[in-house]
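Worksheet for the structure shown next.
Numbering (my numbering), first residue to last: 5 to 172.
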């Protein structure tokens, strides 16, 4: 009894019950818990959405610039054939423009949605709807208040539909 009351209160526990279906389940170490917490953090989700949005936007921009019929005008306003350098420069400009826009949309939506989910403590369709409204509104405000309201409503509706489709 004296060791129990005066000791360091550390007891080895053998009665830990871990539910298992297909064999023993090892307990997670502190390092595994830290890595898991990092990958589930809002910072990681935001950075990942930004990077993947940049890549997807670059691919879509490359595709759209390849099917866009732009013609070069020569002297006297006649149409001339574009050089390979002009075509590649145009593809680079379009791809970067799309990539930056998709990266911005992905980062803003992911950051807002993750923070809303953390604040509410729930993972449901409302998080995506609120995040879509905030993202659409913020991005639409670059073109004015009316565009911000329309962007908020449109992005919220789109996010709600996608969230409903993914959950059902």
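Every residue gets a Cβ at the ideal spot worked out from N, C-alpha and C, and that includes glycine.
Query, Result
"For residue 80, the first and last residue of its enclosing alpha helix (DSSP H)", "Careful: residue 80 lies outside any alpha helix (DSSP H) and carries neither H nor E."
"Distance, residue 130 Cα to residue 112 Cα", "17 angstroms"
"Proximity winner among 71, 120, 46, 41, relative to residue 135 (alpha-carbon distances)", "120"
"Pairwise C-alpha distance: residue 127 and residue 25", "26 angstroms"
"Residue range of the alpha helix (DSSP H) that includes residue 128", "Unbroken run through residue 128: none, as it is neither H nor E."
"Spatial neighbours of residue 133 in its chain, beta-carbon cut-off 8 angstroms, leaving aside the 5 residues before and after", "160, 163, 164, 167"
"Spatial distance of residue 99 from residue 83 (CA atoms)", "24 angstroms"
"Start-end ranges of the alpha helix (DSSP H) lying completely within the region 23 to 69, minimum 4 residues", "34 to 43"
"Inter-stretch contact (C-beta, 8 angstroms, three-pair minimum) for the region 140 to 151 and the region 88 to 104", "no"
"Sequence-distant residues of the same chain with beta carbon closer than 8 angstroms to residue 56, five excluded per side", "110"
"Residue burial classification, residue 42 (beta-carbon count within 10 angstroms, cutoff 16)", "exposed"
"8 angstroms Cβ cutoff met for residue 65 and residue 101", "yes"
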